[in-house]
Amino acid sequence: MIYLNELDDHKNGEDFDTGALLLPLMLQEFQDISPIIRRFKMESDFDGFYDIIHCRNISYRIFPELPNRIQDKSTGIVRLKALKGIDSIRPDFKKVLENLQIFKETGWTNLYKPETALNKNLWKKFISNKDLVPASTEALEYYIHWWLEGIDKKRIDPNESMKETGVRGSLDDVCADEWEKFYDLFPVFYFSLTYIASLGIRDDLIERVAIKLPDGVPYYEGYDLWLQRTALHLMVKKNGLHFLNKFWSMIRFEAIYNELFKCCQIEKNGVELINIIENYYSFLSDKDKVLVDEENEESPGQMLLRLKAQIVNP
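The opening residue of the sequence shown carries number 528 in the numbering used here; numbering runs sequentially from there.
In structure tokens:
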């Protein structure tokens, strides 16, 4: 089981032998992705993941106080040459325009232009739109109802699934068109979440994204799980670690552990952090406190105890 923040801390992305499989996850989570940019030297290596880099740029515009360690030391902005050479971070912008019609706000099209985040003046113009707050609220509510709760999400016909796979229905039963729609709209969802959080409003929506698992099986890139981790971090950042106490049973262990690990990097001797880890450990079932597979992979309980030891003995 891979916990990306630990990879970031241990290897800094420079020599960890992952291949391209983990590239989207590393781009999502590593605090400093410049080693990743250097390692995958060809611009084509990032083809298909420009939206992740673009969203990271968006987060640095919204939260300028973040550690500016990505590439541009003055702004944190990633300036891949390929980003400056495209009009849209999505390959089929006509399809994007069709999918954006579900929203009342029409100014979202500018969000898909890399230059909007790369250029300070263009960003200021975009962010000054007085309709961004209601538009972001609308987008986040739509994401919760549609993608997380599965309301009006199109499914593969169980009978068709039976013909193709010999299995009637499956967990991964979301139509391909719906997945394309999700990826097309993701920059809007990501911006809306981080923008609303930066304003300190609608905690109810951010909390919902943090605790609700997607309806269905995420793809390996895990964009929806990335959004969950982001929302969880934003809620902990605003409300403190005690936010986690209320939702042990509702949030994936991986998401909670990654958040605790992030906190450990900030606070090395945190009494509150130790208490939170102990509370979470006591919540775990007995089977989660022992080895879980033949490869002697650490159990969740063992990982928490190791994390606690790092705080006591940094």
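Beta carbons: idealized from backbone N, C-alpha and C, even for Gly.
Rounding to the nearest angstrom, what Cα-Cα distance links residue i and residue j in this structure?
i: ARG735; j: ALA782; result: 14 Å
i: ASP711; j: ASP614; result: 14 Å
i: ILE801; j: ILE654; result: 39 Å
i: ARG566; j: ASP559; result: 13 Å
i: GLY575; j: VAL798; result: 43 Å
i: ASP679; j: TYR669; result: 10 Å
i: GLU705; j: HIS672; result: 14 Å
i: LEU754; j: ASN785; result: 13 Å
i: PRO714; j: LEU627; result: 11 Å
i: SER812; j: GLY828; result: 9 Å
i: LYS814; j: LEU834; result: 19 Å
i: LEU726; j: TYR717; result: 15 Å
i: ILE585; j: ILE616; result: 13 Å
i: PHE810; j: ILE838; result: 20 Å
i: LEU638; j: ALA836; result: 44 Å
i: ILE738; j: GLY677; result: 15 Å
i: LEU831; j: ALA758; result: 22 Å
i: LYS621; j: PRO562; result: 34 Å
i: GLY767; j: CYS791; result: 13 Å
i: LEU740; j: ASN806; result: 22 Å
i: MET553; j: LYS652; result: 30 Å
i: SER826; j: LYS789; result: 19 Å
i: GLY749; j: ASN648; result: 32 Å
i: PRO591; j: SER719; result: 16 Å
i: SER555; j: ASP751; result: Note on residue identity: the sequence assigns Gln, not Ser, to residue 555. In a straight line, the C-alpha of GLN555 is about 11 Å away from that of ASP751.
i: PHE557; j: PHE709; result: 23 Å
i: ILE803; j: TRP650; result: 39 Å
i: ASP684; j: LEU675; result: 20 Å
What is the residue span of the alpha helix (DSSP H) that residue i lies within?
i: ASN656; result: That residue, ASN656, is in no alpha helix (DSSP H); it is neither H nor E in DSSP.
i: ILE585; result: 577 to 589
i: LEU645; result: 641 to 645
i: GLU799; result: 798 to 810
i: ILE564; result: 561 to 566
i: LYS622; result: 620 to 627
i: GLU556; result: 550 to 556
How is residue i classed by DSSP in three states: helix, strand or coil?
i: ARG729; result: coil
i: VAL763; result: helix
i: ARG779; result: coil
i: VAL744; result: coil
i: VAL701; result: strand
i: ARG682; result: strand
i: PHE774; result: helix
i: GLY828; result: helix
i: GLU665; result: helix
i: ASP815; result: helix
i: PHE718; result: helix
i: ARG921; result: Within the shown structure, residues of the chain are numbered from 528 to 841, placing residue 921 beyond reach of any answer.
i: LYS789; result: helix
i: PHE630; result: coil
i: LYS739; result: coil
i: GLU707; result: helix
i: GLU676; result: coil
i: ILE597; result: Unreliable placement is indicated for ILE597, whose pLDDT of 44 sits below 50; the coordinate value is still reported in the next sentence. Three-state result, ILE597: coil.
Okay, do the segment 764 to 776 and the segment 579 to 592 touch, 3+ Cβ pairs below 8 Å being the bar? no
Evaluate the contact criterion for the segment 628 to 644 versus the segment 656 to 675: three or more CB pairs, one atom per stretch, below 8 Å. yes
Could you tell me whether the segment 664 to 672 touches the segment 743 to 750, where touching means 3 or more Cβ pairs closer than 8 Å? no
Using a Cβ distance threshold of 8 Å, determine whether the segment 726 to 740 contacts the segment 751 to 762, with at least three qualifying pairs required. yes
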